[in-house]
Amino acid sequence: MINATSAIIAQAQGVESGSASAIGPQAVPITLNVNGATRTLQAEPRMTLAEALRGPLSLTGTKIACNRGACSACTVWLDGLPICSCMILAIDVGARSITTIEGLAEGDTLHPVQQAFIEHDALQCGYCTPGIVMTCAALLERTAEPNADDVRAAISGHFCRCGTYPHVIAATLAAAKAPKG
Amino acid sequence: MAKQEDLRTETFPSGIACVGLGKIERVIPADEPPALPPNSELAVIGKPVPRQDGRAKVTGAVRFTADVSLPGMLHARILRSPMPHALLRSIDMAAAARHPGVRAVLPIASADDPQSASLRYIGAPVAAVAAVSRAAAQEALHLIHVDYQSLPFVVEMDGARKQAAPPVYESAEVAPGGHPSGYPAPINLPLKGNVRGPVVSSRGDVTRGFAEADVVVEGEYRTQVQTHCCLEPHGIVADWRADGLTVYMSTQYTTGVRHELAEEFGLPLNRVRVIVDAMGGGFGSKSTLGNYGRIAVELSRRARAPVRLMLDREEEQMDAGNRPGTWQQLRIGAKRDGALTAISLISYGTAGVALGAGVGFNAEALYACPNFDGAQHDVFINAGPGCAMRAPGNTPGAYGLEQAIDELAERLAIDPLVLRDRVDPSPVRHEERRIGAERIEWQRRHAPGADRGPVKRGLGVAQSLWMANVQLDSSCEVRVLRDGSVEVLSSVQDIGTGTGTVMAQTVAEVFGLRADEITVRIGDTEFPPGPPSYGSRATASITPPARTAAWRVLQSLLREAGLALNAAPEDLFARGGKILVRDDPSRGIGFAEAAARLRTDRISAVASRSDDYSGFRRRMGDAALAHQDLGGVQFAAVAVDTETGIVRVERVVAVQDCGRPINPRQIESQVHGGILMGLSYALFEDRILDQHTGRMVNPDLEHYKLAGPHETPAIDVVILENYQGNSATDAYGIAEPANIATAPAIANAVYNAIGVRLRSIPMTPAAVLAALGKIPQRS
Chain A
1 MINATSAIIA
11 QAQGVESGSA
21 SAIGPQAVPI
31 TLNVNGATRT
41 LQAEPRMTLA
51 EALRGPLSLT
61 GTKIACNRGA
71 CSACTVWLDG
81 LPICSCMILA
91 IDVGARSITT
101 IEGLAEGDTL
111 HPVQQAFIEH
121 DALQCGYCTP
131 GIVMTCAALL
141 ERTAEPNADD
151 VRAAISGHFC
161 RCGTYPHVIA
171 ATLAAAKAPK
181 G
Chain B
1001 MAKQEDLRTE
1011 TFPSGIACVG
1021 LGKIERVIPA
1031 DEPPALPPNS
1041 ELAVIGKPVP
1051 RQDGRAKVTG
1061 AVRFTADVSL
1071 PGMLHARILR
1081 SPMPHALLRS
1091 IDMAAAARHP
1101 GVRAVLPIAS
1111 ADDPQSASLR
1121 YIGAPVAAVA
1131 AVSRAAAQEA
1141 LHLIHVDYQS
1151 LPFVVEMDGA
1161 RKQAAPPVYE
1171 SAEVAPGGHP
1181 SGYPAPINLP
1191 LKGNVRGPVV
1201 SSRGDVTRGF
1211 AEADVVVEGE
1221 YRTQVQTHCC
1231 LEPHGIVADW
1241 RADGLTVYMS
1251 TQYTTGVRHE
1261 LAEEFGLPLN
1271 RVRVIVDAMG
1281 GGFGSKSTLG
1291 NYGRIAVELS
1301 RRARAPVRLM
1311 LDREEEQMDA
1321 GNRPGTWQQL
1331 RIGAKRDGAL
1341 TAISLISYGT
1351 AGVALGAGVG
1361 FNAEALYACP
1371 NFDGAQHDVF
1381 INAGPGCAMR
1391 APGNTPGAYG
1401 LEQAIDELAE
1411 RLAIDPLVLR
1421 DRVDPSPVRH
1431 EERRIGAERI
1441 EWQRRHAPGA
1451 DRGPVKRGLG
1461 VAQSLWMANV
1471 QLDSSCEVRV
1481 LRDGSVEVLS
1491 SVQDIGTGTG
1501 TVMAQTVAEV
1511 FGLRADEITV
1521 RIGDTEFPPG
1531 PPSYGSRATA
1541 SITPPARTAA
1551 WRVLQSLLRE
1561 AGLALNAAPE
1571 DLFARGGKIL
1581 VRDDPSRGIG
1591 FAEAAARLRT
1601 DRISAVASRS
1611 DDYSGFRRRM
1621 GDAALAHQDL
1631 GGVQFAAVAV
1641 DTETGIVRVE
1651 RVVAVQDCGR
1661 PINPRQIESQ
1671 VHGGILMGLS
1681 YALFEDRILD
1691 QHTGRMVNPD
1701 LEHYKLAGPH
1711 ETPAIDVVIL
1721 ENYQGNSATD
1731 AYGIAEPANI
1741 ATAPAIANAV
1751 YNAIGVRLRS
1761 IPMTPAAVLA
1771 ALGKIPQRS
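So the protein lines, in turn, are chains A and B. First residue of the first sequence: 1, per my numbering; consecutive thereafter. First residue of the second sequence: 1001, per my numbering; consecutive thereafter.
Right, here's the structure in full:
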């Protein structure tokens, strides 16, 4: 899977290692940059980013399905790169910018991937959908004209039990061809 | 029986659209709408309209149970048995109750009651805690002191069948006796050791049938335990209040859960409300209240606060249901021309501590054969309970039968499709075989193992059989409001198939509106009771009353429009947002204009599912079986690397039928899902229990292997329109039939590729190499 989780975490921990004093286990105030806004919340150091988004920040579009980086349902962007938000602690995010499914559309205008998912019926129950949408949108950010294998590779860490993969691939390829608005 | 004057005769389209439609007369209730023309003549039904909740799902706005958060809500966790078989001697929750943040504790197993003290699988609930956070509840679990007495156990079916095996249940009285999966079977069957049953079924004289046969083939087939792996775990938010109980639950059947809760907690039905806005998959495993549902409600009752209980992935894998594993022995006798003379089936299956591990009715009913004997046994083992999973019984059963039929074809030197043409009485599947064979280019199929190189290709086919189920008490309300907007209400829930969308299409067709102009509110027991989303019955059950209710409302609206247009209501029709005069369509008024003339702020009608117009084959409690079965034929093209043992499915062609297709794109999506779940079953998935500890060694999503995007083949889906004139919409289900034929089609294709038949799944690389004699067979 093209997922930068481990690299990002290593990097974040490297940044943090300079500050030596221990914190926790009680909740501490942290600041996150989410969908372009600065949000302050109380988080126990053990709280993952996925939990912080879904709990104190009420951004429940990000889903937890396996909670150990195996299914990618919790995918968000960290500085534009798709990561599993269940695999990074909220406290380790630092100043990096987080984009969640709620922040992908511009106002009422859906991202082309979101629009294509609706048109191609690339979802059924919809539980894995926010994560897959984030990964496919990230693919289009870095690859202007992906082919079907590029999409497969991009989403290969995602599980969809409803079996939407064929329509996800078709939708993403269509979104790549959609006129940029 | 309705009185004569309450009935009228209507002429319906009949037959398979691509073959040619005829007409059939049906006597129908007088207050139901006229016969619906075939899809080619309709504006909204039969069109691939986008799903209603698509926007909410791609933006993350839709609310799943896991997203429900109530003021003061607590979080629950369950302590589960660490032993495969144990007697609880004592439990002490005092320290847990004192833990900061804990608001309620609930002992589940009790030393005072021998039944409750018996813990028969790893993961069986022992106690539960509700606390202000999930973490606090989890911490409290560690403070519960339990004294277990370990008992002998067995987690492997063949071992459990032996006379000396440790008994999972001490006596027949305490073992499950009925059939939990919802399909009819005798209850209180004999229990010998760990073996319950058999459920027997027979017709004709099998002994004579085999004596008359020119050839007899015999095969043994094994299927593994498959887990549902819903992406949204099982979960509930229970809110017990003095004036009633509200639960938000990821459930396939709001109405059923409401009844279970009322009974379980001694509440009147009008004090119980069940809500599910969206559910993240179920596949059969979210059909009932479940032990976790009871636990959360009881914790909420004790804590006097809302309680959220979401299972984690490990709990999902151990105690949230599974598709039982099976062993099947099939014997088929036939004349030289292929005519079947006898089929005998013996099966043993295991649903862990539960029942329901049969292999369905394919062998009994798929092919014409005068003589049949079936004996299906359940074997108890110390493992989490199985439950219904996408075509329970028939999916493992077809894996056996459809390979045995191929083995017979080879012995008779008849092409597998030609043999099926001879012995399959279904005209629908006949057409499906013809279409599928053309698409997959069946004529290029070669002799088994004929490819020369190390990568060998093959083609295979298999068929499915499923019941066309109908839920009798399925109701729907349709409202037209004074501004011309439309609401459709039912407690039916959308499991992810697009139930709300097909309801919107059905109502839009009646009113001459677009589907996106219809607001559908479902998934709430405040609305008229809808059907469950299992047994492939939601569409068949809820779209007819949706159309009937809309049609009744339309009659009122036409009366208003008739006054405005100075025309008789029966001379008017609705189309394109207008109500028009039939003989002079230039005259008309807008739909909203007609609604504005209403004397009341809204008009409304509630309709319930009537019987199929041709009657039912059988009634089973609150459900019934239509006369015609659902079918479907699937073809698979595979490539087997004989050096690595890796099987790649390159292409699947699925030709399916579901009566009248209402939304072809959503149907295609469901068929994709059925195929991928079947492919995953054939090649990857396996719940592996360690025989020495009874523990599942892969209770997650990384070691429990699921097919992913890289394993997804090219898939062609062809949907037949098969009209029978049986209801106001003539629509039936698709979810389960689409899952049945995939694994045997792949198995037959693998045989065709390598010339060696694997008689068990999953067909892992190791299993393929062992079958080829390249590595030793594992026991």
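Virtual Cβ for every residue (Gly too), placed ideally from N, Cα, C. Remember, predicted model here, so these are calculated numbers, not experimental data.
- Chain-order list of chain B residues neighbouring T31 (chain A): empty, with the shortest C-beta distance near 21 angstroms, by a criterion of under 7 angstroms.
- Under the Cβ criterion of 8 angstroms, C1658 (chain B) is not counted among the residues facing chain A.
- A distance below 8 angstroms between beta-carbons, with the five flanking residues on each side excluded, links P1082 (chain B) to the following residues of its chain, in chain order: I1122, Y1148.
- By the neighbour-count definition (other C-beta atoms within 10 Å, threshold 16), A1637 (chain B) is a buried residue.
- K1057 (chain B) has a beta carbon lying within less than 8 angstroms of a beta carbon in chain A.
- Contact with chain B is found for G163 (chain A), since one of that chain's Cβ atoms lies less than 8 angstroms from the residue's Cβ.
- Annotation for W1551 (chain B): the continuous alpha helix (DSSP H) segment containing it runs 1538-1565.
- V1102 (chain B) is positioned such that its CB atom lies no closer than 8 angstroms to that of A1128 (chain B).
- In the DSSP annotation of this structure, the continuous segment of the beta strand (DSSP E) that includes F1372 (chain B) starts and ends at 1372-1379.
- E1736 (chain B) and A1398 (chain B) have their C-alpha atoms roughly 12 angstroms apart.
- Around L1706 (chain B), the beta-carbon contacts reaching into chain A at under 8 angstroms are F159, R161.
- V1480 (chain B) is classed as buried because its beta carbon has at least 16 other beta carbons within 10 Å across all chains shown.
- Annotated as proximal: A1391 (chain B) and N1739 (chain B), with beta-carbon spacing under 8 angstroms.
- Scanning its chain for C-beta atoms nearer than 8 angstroms, with the 5 sequence neighbours on each side dropped, one finds around E1005 (chain B) the residues A1030, in chain order.
- Contacts with chain B (Cβ-Cβ distance below 7 angstroms) from the segment 124-155 of chain A involve Q124, C125, G126, Y127, C128, T129, P130, V133, R152, I155, listed in chain order.
- A straight-line Cα-Cα distance of about 29 angstroms links L1189 (chain B) and S1464 (chain B).
- Linking R1294 (chain B) to V1257 (chain B) through their CA atoms gives a straight-line distance of about 10 angstroms.
- Rounded to whole angstroms, E1260 (chain B) and N147 (chain A) show a C-alpha spacing of 50 angstroms.
- Relative to T129 (chain A), the option among A:V151, A:D108, A:I101 whose CA is nearest is A:I101.
- Between the beta-carbon of I1495 (chain B) and that of S1533 (chain B) there is about 4 angstroms, and that keeps the pair under the 8 angstroms contact cut.
- Within the segment 1036-1056 of chain B, the residues whose Cβ lies closer than 9 angstroms to any Cβ of chain A are, in chain order, P1048, P1050, R1051, D1053, G1054, R1055, A1056.
- Cβ neighbours of I1091 (chain B) within its own chain (closer than 6 angstroms, five residues either side excluded): P1107, V1146.
- Annotated as proximal: Q1226 (chain B) and M1389 (chain B), with beta-carbon spacing under 8 angstroms.
- For P1661 (chain B), not one C-beta of chain A is nearer than 8 angstroms to its own C-beta.
- The residues L1565, A1567, D1571, L1572, R1587, G1588, in chain order, have a CB closer than 7 angstroms to that of V1581 (chain B) in the same chain once the five nearest residues on each side in sequence are set aside.
- For the pair Q1656 (chain B) and G1632 (chain B), the CB atoms are nearer than the 8 angstroms cut-off.
- For the pair C86 (chain A) and N67 (chain A), the Cα-to-Cα distance works out to about 5 angstroms.
- No Cβ-Cβ contact shorter than 8 angstroms links L1042 (chain B) with V1027 (chain B).
- Distance from the CA of V1428 (chain B) to the CA of N1726 (chain B), rounded to the nearest whole angstrom, comes to 16 angstroms.
- In the DSSP assignment, H1430 (chain B) falls outside any beta strand (DSSP E) and within the unbroken alpha helix (DSSP H) covering 1427-1440.
- Contact residues of the segment 1312-1339 of chain B toward chain A are D1312, R1313 (C-beta to C-beta distance below 8 angstroms).
- A direct Cα-to-Cα measurement between Q1493 (chain B) and G1523 (chain B) gives close to 4 angstroms.
- Of all residues in the segment 64-84 of chain A, only I64, A65, C66, N67, R68, G69, A70, C71, A73 place a beta-carbon less than 9 angstroms from a beta-carbon of chain B.
- The residues V1638, A1749, N1752, A1753, in chain order, have a CB closer than 6 angstroms to that of G1458 (chain B) in the same chain once the five nearest residues on each side in sequence are set aside.
- Taking C-alpha positions only, G126 (chain A) is separated from A1242 (chain B) by approximately 35 angstroms.
- Distance from the CA atom of A1707 (chain B) to the CA atom of C1369 (chain B), rounded to whole angstroms, is 36 angstroms.
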